[in-house]
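One structure is given here, and the rest of the page talks about it.
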Amino acid sequence: MNLELSPSVKYWLNFVHPTLMWALLLLSIYAAYLGLQVQRTRNADGEEKKELIKGRFNVRHHQIGSILLALMVTGAVAAMAVTYINNGKLFVGPHLLAGLGMTCLIAFSASLSPFMQKGANWARVTHILVNFVVLGLFAWQALTGVGIVQKILSQA
Ligand code: HEM
Ligand code: HEM
0 MNLELSPSVK
10 YWLNFVHPTL
20 MWALLLLSIY
30 AAYLGLQVQR
40 TRNADGEEKK
50 ELIKGRFNVR
60 HHQIGSILLA
70 LMVTGAVAAM
80 AVTYINNGKL
90 FVGPHLLAGL
100 GMTCLIAFSA
110 SLSPFMQKGA
120 NWARVTHILV
130 NFVVLGLFAW
140 QALTGVGIVQ
150 KILSQA
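Counting along the sequence shown from 1, when you hit position 85 you're at 84 in numbering that gives the first Met the number 0, and nothing is skipped either side.
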């Protein structure tokens, strides 16, 4: 397939995914904070619980989580598209594999939402475990991703 894009557009497309993913890394740390506040609210009682409920952490966590899910899937697919446009192939390496792995994991963990809302403890435990693996993989992606950016800059 021959995509008629100018060389400068092709070059600048390379920076969309890294920028988006750094923003999403910060957003996922915020999501983790909100999730831990949800847990704190559920375990609190009395006055403290009343105060924490006012923070609407469950609603905010679900909203931020949904945005994170949508942008992470889109960002990963877009990165593969840009890699293909620029190189005519994908590079099957740690960044691609960990990226696809964490994309599947976050979809899986989001799909537990209706079960958590019904109060299923197994779903909560799985959600938390899976998401902390996602956060770990995200930190790894940030490191390997910066390596790829440096390679692109040095080839320019
Ligand atoms: C970095 C990613 C995420 C982390 C670290 C995280 C963490 C957590 C934690 C700690 C809880 C509290 C569980 C409890 O009550 O004990 C929670 C609950 C929940 N999470 Fe996440 N989460 C993440 C992403 C997501 C995503 C992507 C979605 C869905 C789109 C989501 C939806 C929910 C829902 C619906 C609950 C239950 C809230 C409630 O009890 O009303 N989370 N999460
Ligand atoms: C956090 C910082 C990240 C940086 C700086 C980064 C950087 C990059 C760069 C420069 C590329 C080459 C393609 C392009 O130029 O657009 C790339 C490819 C890719 N990235 Fe990332 N990335 C990061 C995070 C992620 C995350 C979180 C995921 C998955 C959710 C991901 C999935 C991918 C995939 C699937 C590719 C295509 C790999 C290939 O075929 O070689 N990246 N990344």
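Glycine is no exception: its CB is placed at the ideal position from the N, C-alpha and C atoms.
Please read these numbers as outputs of a predicted model, since none were measured by experiment.
Where residue i and residue j are concerned, what is the direct C-alpha to C-alpha distance, given to the nearest angstrom?
i, j, result
"residue 39", "residue 51", "8 Å"
"residue 146", "residue 140", "10 Å"
"residue 122", "residue 44", "23 Å"
"residue 69", "residue 97", "18 Å"
"residue 41", "residue 10", "48 Å"
"residue 5", "residue 14", "15 Å"
"residue 119", "residue 92", "37 Å"
"residue 58", "residue 7", "42 Å"
"residue 35", "residue 46", "19 Å"
"residue 112", "residue 155", "44 Å"
"residue 48", "residue 116", "18 Å"
Is the beta carbon of residue j closer than 8 Å to that of residue i?
i, j, result
"residue 94", "residue 18", "no"
"residue 126", "residue 78", "no"
"residue 81", "residue 12", "yes"
"residue 56", "residue 76", "no"
"residue 20", "residue 64", "no"
"residue 148", "residue 104", "no"
"residue 67", "residue 26", "yes"
"residue 136", "residue 101", "yes"
"residue 89", "residue 60", "no"
"residue 106", "residue 72", "yes"
"residue 130", "residue 108", "yes"
Strictly under 8 Å for the Cβ-Cβ distance: is residue i near chain B by that measure?
i, result
"residue 114", "Going by chain labels, chain B is absent from the structure shown, which holds only one protein chain."
Output the boundary residues of the alpha helix (DSSP H) element that contains residue i.
i, result
"residue 41", "15-42"
"residue 119", "Neither: residue 119 is in no alpha helix (DSSP H) and is coded neither H nor E."
"residue 53", "45-53"
"residue 9", "6-12"
"residue 65", "56-86"
"residue 107", "93-109"
Chain-ordered residues, beta carbon under 7 Å from a heavy atom of ligand 4: Absence of ligand 4 is noted for the structure shown, with ligand 1 and ligand 2 being the only ligands found.
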